[in-house]
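This report concerns only the one structure given below.
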Ligand SMILES: Nc1ncnc2c1ncn2[C@@H]1O[C@H](COP(=O)(O)OP(=O)(O)O)[C@@H](O)[C@H]1O
Ligand SMILES: [Mg+2]
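Protein chains in written order, with my numbering: chain A, 9 to 414; chain B, 38 to 283.
Here's what the structure looks like:
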């Protein structure tokens with residue numbers, strides 16, 4: 009019999025038992041839609057994090073004190089006091105294709121202006137900082153090399169800090185504020201940069217020369233991080249490798265000693281952040297995938313019932329010339345039609361749910377095409393695998409026995 | 038060469054400890070173009086023989102040659118093909134697919150024929166077969182919307198669709214009133230005389246057997262009698278003289 013006829017007969021048989029067919033499909037629908045929705049949510053979240061991190065600049069390289077990849081004790085960022093301004097100078101001198109570079113010293117501090125009072129992150133940097141981050145100035149200007157050299161008590165406010173202390177749309181340059189009880193002159197306000205990944209407001213920062221932060225606020229010589237930008241995005245990984253070499257020489261590390269610093273590109277950071285999410289997504293999708301197997305068993309169960317119920321029909325078909333193969337194909341196609349239809353509806357439903365998540369919770373979703381192809385393939389495979397045994401059972405019937413079946 | 042030739046056919050069913058001897062050694066030959074009636078009391082083994090002749094069942098022992106071919110040597114698929122192409126089987130209980138139109142039921146054997154026909158051609162042939170049994174107006178009715186006689190005719194049309202050379206009919210008039218019985222016998226007689234199709238018909242009614250050219254009587258799984266019909270009845274003539282039903 010032609011495949012077209014076989015399919016038509018299978019569809020007719022399924023249409024005769026609409027309720028049962030629908031319930032059998034439900035297993036596949038739930039399984040497939042769950043997989044699609046979860047993969048969509050996971051991928052969407054991943055894409056958003058990646059985009060946010062890369063928005064910081066794909067040519068950025070960050071060096072932190074301490075080793076985050078070696079096993080054992082993991083200190084917080086900059087916990088180990090190993091980076092110095094000499095490292096910055098060495099990189100500037102010896103690594104080619106470095107465009108801008110700045111050391112970073114961070115602390116939290118109370119900032120007071122008049123009777124306003126705000127706790128914020130105080131970040132000590134060099135003059136290159138706004139150039140590296142491509143961060144525009146709203147009012148006034150960023151501090152100068154001279155300010156850095158003299159460890160001047162000048163401050164450039166992030167937008168949030170400025171608004172908290174002086175109100176929105178106010179130019180506070182020239183005002184004096186107190187940081188940890190020392191007077192600082194406000195010389196500029198940064199433009200808005202907004203949220204970084206994980207809900208961190210980048211505008212809630214006060215910038216000062218790193219020398220000032222080291223000497224006047226923290227009283228120490230070390231720096232916590234170095235941030236630099238490569239001349240272009242393609243040079244980034246070469247720069248990052250060269251930085252490692254220079255740093256090892258600089259810190260006099262012998263062959264075999266682990267790094268006492270960590271060099272990461274924005275790409276690396278994006279990967280680290282998304283890897284955990286990836287594991288989570290796969291785990292959830294895997295659990296949802298189990299429901300596909302449950303759906304498959306449901307199909308097998310119904311097909312077995314169907315074969316028994318239709319024993320006489322099978323006998324009649326065989327008596328007038330159906331071969332075992334014709335019968336087997338008929339039941340197999342029924343199983344595959346159920347699973348594919350269920351899979352198709354599940355995919356549509358999955359897209360729908362992902363869309364709802366985007367619309368109502370503004371949660372970004374992204375269903376990759378290969379997930380759709382896989383869901384479809386999985387559905388077909390489920391139908392074939394779980395439909396095979398019942399179909400074989402039907403095909404193996406003896407015509408006369410099947411005809412006599414009551 | 039005989040169309041059907043069986044030798045020492047034995048069929049024994051085992052029901053638990055008990056052995057039921059349905060056929061106890063049947064030897065029989067049927068020639069091309071014959072119209073044979075098999076009669077005998079209920080339980081004498083007629084249906085059992087018919088199922089074996091129809092390639093639906095296997096004998097316990099004995100030989101069966103169909104058109105000179107040893108049926109015991111045919112594979113499952115070859116048997117299916119023989120049932121599909123060579124034999125038109127009319128079952129005692131009709132064996133129509135329920136919830137399927139008369140037309141689709143009649144078409145069914147064509148779907149399992151190797152060389153497949155176009156849908157339109159299949160419909161055409163099924164309609165012709167239904168017309169031959171006088172049931173064109175009921176083509177789209179389901180079996181449960183048809184009377185016993187009409188279902189019987191659908192079953193006959195299905196047996197005819199693939200132009201078989203042999204028709205096996207198991208008590209085709211068993212559930213029919215006398216006029217419908219004569220009509221059905223008329224169909225078989227026409228197939229036999231006009232198309233030269235060999236017909237083997239089971240009946241336990243002796244007057245029905247007289248439409249055949251030869252009567253084989255069974256008793257207890259054996260042939261008791263095998264005679265030519267001297268005064269053959271003709272269904273068409275009888276129908277012409279019957280009063281039409283209002
Ligand atoms: N499948 C079966 N299992 C056991 N006994 C059977 C089976 N089919 C028929 N028989 C027995 O074989 C004998 C012949 O039956 P059957 O061929 O149907 O007779 P008929 O058609 O002449 O009435 C009967 O005694 C019947 O009970
Ligand atoms: Mg019988």
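Think of the CB as a built atom: it goes at the ideal place given N, C-alpha and C, for glycine as much as any other residue.
Measuring only the C-alpha atoms, how far is residue i from residue j?
i                     : j                     : result
residue 167 (chain A) : residue 71 (chain A)  : 26 Å
residue 83 (chain A)  : residue 76 (chain A)  : Unreliable positioning characterises residue 83 (chain A) in this predicted model, as indicated by a pLDDT of 45, which lies under 50. A coordinate reading is not provided.
residue 297 (chain A) : residue 322 (chain A) : 34 Å
residue 29 (chain A)  : residue 317 (chain A) : 15 Å
residue 65 (chain A)  : residue 236 (chain A) : 11 Å
residue 406 (chain A) : residue 238 (chain B) : 24 Å
residue 105 (chain A) : residue 125 (chain A) : 43 Å
residue 191 (chain A) : residue 212 (chain A) : 19 Å
residue 101 (chain B) : residue 112 (chain B) : 14 Å
residue 340 (chain A) : residue 374 (chain A) : 34 Å
residue 216 (chain A) : residue 58 (chain A)  : 29 Å
residue 50 (chain B)  : residue 56 (chain B)  : 6 Å
residue 121 (chain B) : residue 196 (chain B) : 9 Å
residue 241 (chain A) : residue 157 (chain A) : 31 Å
residue 99 (chain A)  : residue 49 (chain A)  : 41 Å
residue 67 (chain A)  : residue 189 (chain A) : 38 Å
residue 411 (chain A) : residue 319 (chain A) : 7 Å
residue 128 (chain A) : residue 147 (chain A) : 20 Å
residue 179 (chain A) : residue 284 (chain A) : 43 Å
residue 134 (chain B) : residue 392 (chain A) : 26 Å
residue 54 (chain A)  : residue 144 (chain A) : 28 Å
Go ahead and pull the three-state DSSP assignment for residue i.
i                     : result
residue 81 (chain A)  : With a pLDDT of only 45 at residue 81 (chain A), under the threshold of 50, the placement of this residue in the model should not be trusted, and no figure is reported.
residue 190 (chain B) : helix
residue 328 (chain A) : coil
residue 126 (chain A) : strand
residue 234 (chain B) : coil
residue 19 (chain A)  : helix
residue 216 (chain A) : strand
residue 141 (chain A) : coil
residue 131 (chain A) : strand
residue 50 (chain A)  : helix
residue 163 (chain A) : strand
residue 73 (chain A)  : strand
residue 146 (chain B) : helix
residue 233 (chain A) : strand
residue 107 (chain B) : strand
residue 397 (chain A) : helix
residue 136 (chain B) : coil
residue 283 (chain B) : Low per-residue confidence applies at residue 283 (chain B): pLDDT is 46, beneath 50, and the placement is therefore not dependable, though the value from the model is reported in the following sentence. Note: residue 283 (chain B) maps to coil in three-state DSSP.
residue 223 (chain B) : helix
residue 42 (chain B)  : strand
residue 200 (chain B) : coil
Could you tell me whether the region 341 to 355 of chain A touches the region 375 to 387 of chain A, where touching means 3 or more Cβ pairs closer than 8 Å? yes
Taking 8 Å as the cut-off, does the region 251 to 265 of chain B touch the region 64 to 82 of chain B (at least 3 CB pairs, one atom from each stretch)? yes
Counting only runs of 4+ residues fully inside the region 253 to 321 of chain A, write out the alpha helix (DSSP H) ranges in chain order. 274 to 317
Taking any Cβ of chain B, which residues in the region 310 to 329 of chain A have a Cβ under 9 Å from it, in chain order? Taking 9 Å as the cut-off between beta carbons, the residues of the region 310 to 329 of chain A near chain B are 320, 321, 323, 324, 325, 326, 327, 328 and 329, in sequence order.
Complete alpha helix (DSSP H) runs within the region 52 to 100 of chain B (minimum length 4 residues, chain order): 83 to 90
At which residue ranges does the region 88 to 121 of chain A contain complete beta strand (DSSP E) runs of 3 or more residues, listed in the order of the chain? 106 to 121
Counting beta carbon pairs with one atom in the region 215 to 234 of chain A and one in the region 106 to 114 of chain A, are three or more of them shorter than 8 Å? yes
The region 26 to 42 of chain A: positions lying closer than 9 Å to chain B by Cβ: Identification of residues in the region 26 to 42 of chain A having a C-beta nearer than 9 Å to some C-beta of chain B yields an empty set.
Could you give the uninterrupted runs of the beta strand (DSSP E) lying entirely in the region 242 to 280 of chain B, keeping only those of 3 residues or more? 251 to 256 and 259 to 265
Relative to chain A, which residues along the region 263 to 278 of chain B have a C-beta separation below 7 Å, given in chain order? none
Check whether the region 103 to 120 of chain B touches the region 187 to 196 of chain B, taking contact to mean three or more Cβ pairs, one atom from each stretch, closer than 8 Å. The region 103 to 120 of chain B is not in contact with the region 187 to 196 of chain B.
Any C-beta of chain B within less than 7 Å: which residues of the region 48 to 73 of chain A qualify? none
Along the region 110 to 125 of chain B, what residues have a CB closer than 8 Å to any CB found in chain A? 113, 114, 117, 118, 120, 121 and 122
In the region 336 to 384 of chain A, which residue ranges form an unbroken beta strand (DSSP E) of at least 3 residues, counting only runs that do not cross its ends? none
Would you say the region 243 to 262 of chain A touches the region 213 to 224 of chain A, given that touching needs at least three Cβ pairs under 8 Å? no
Near-chain B residues of the region 397 to 410 of chain A - C-beta to any C-beta below 7 Å: Here the close residues are 407 and 408.
Name the residues in the region 78 to 110 of chain B whose C-beta lies less than 8 Å from a C-beta of chain A; which are they? 88, 91, 93 and 94
Which of the residues in the region 139 to 153 of chain B, read from start to end, lie with their CB under 8 Å from any CB of chain A? Residues passing the 8 Å Cβ filter: 145, 146, 148, 149, 150 and 153.
Taking contact to mean at least 3 C-beta pairs separated by less than 8 Å, is the region 391 to 400 of chain A in contact with the region 84 to 91 of chain B? Under the 8 Å Cβ criterion, the region 391 to 400 of chain A does not count as touching the region 84 to 91 of chain B, having fewer than three qualifying pairs.
Are there three or more Cβ pairs, one per stretch, closer than 8 Å when the region 38 to 48 of chain A is compared with the region 288 to 306 of chain A? yes
Validate contact between the region 125 to 141 of chain B and the region 162 to 178 of chain B using beta carbons, cut 8 Å, 3 pairs: yes
When you check each C-beta in the region 332 to 348 of chain A against every C-beta of chain B, which residues fall closer than 7 Å? 332 and 334
For the region 211 to 237 of chain B, list every residue whose C-beta sits within 9 Å of some C-beta in chain A, in sequence order. Within the region 211 to 237 of chain B, not one residue has a Cβ closer than 9 Å to any Cβ of chain A.
For the region 115 to 125 of chain A against the region 138 to 156 of chain A, do three or more pairs of beta-carbon atoms, one drawn from each stretch, fall closer than 8 Å, so that the two count as touching? no
Do the region 302 to 312 of chain A and the region 272 to 283 of chain A meet, that is, are 3 or more Cβ pairs less than 8 Å apart? no
Are there three or more Cβ pairs, one per stretch, closer than 8 Å when the region 153 to 171 of chain B is compared with the region 209 to 218 of chain B? no
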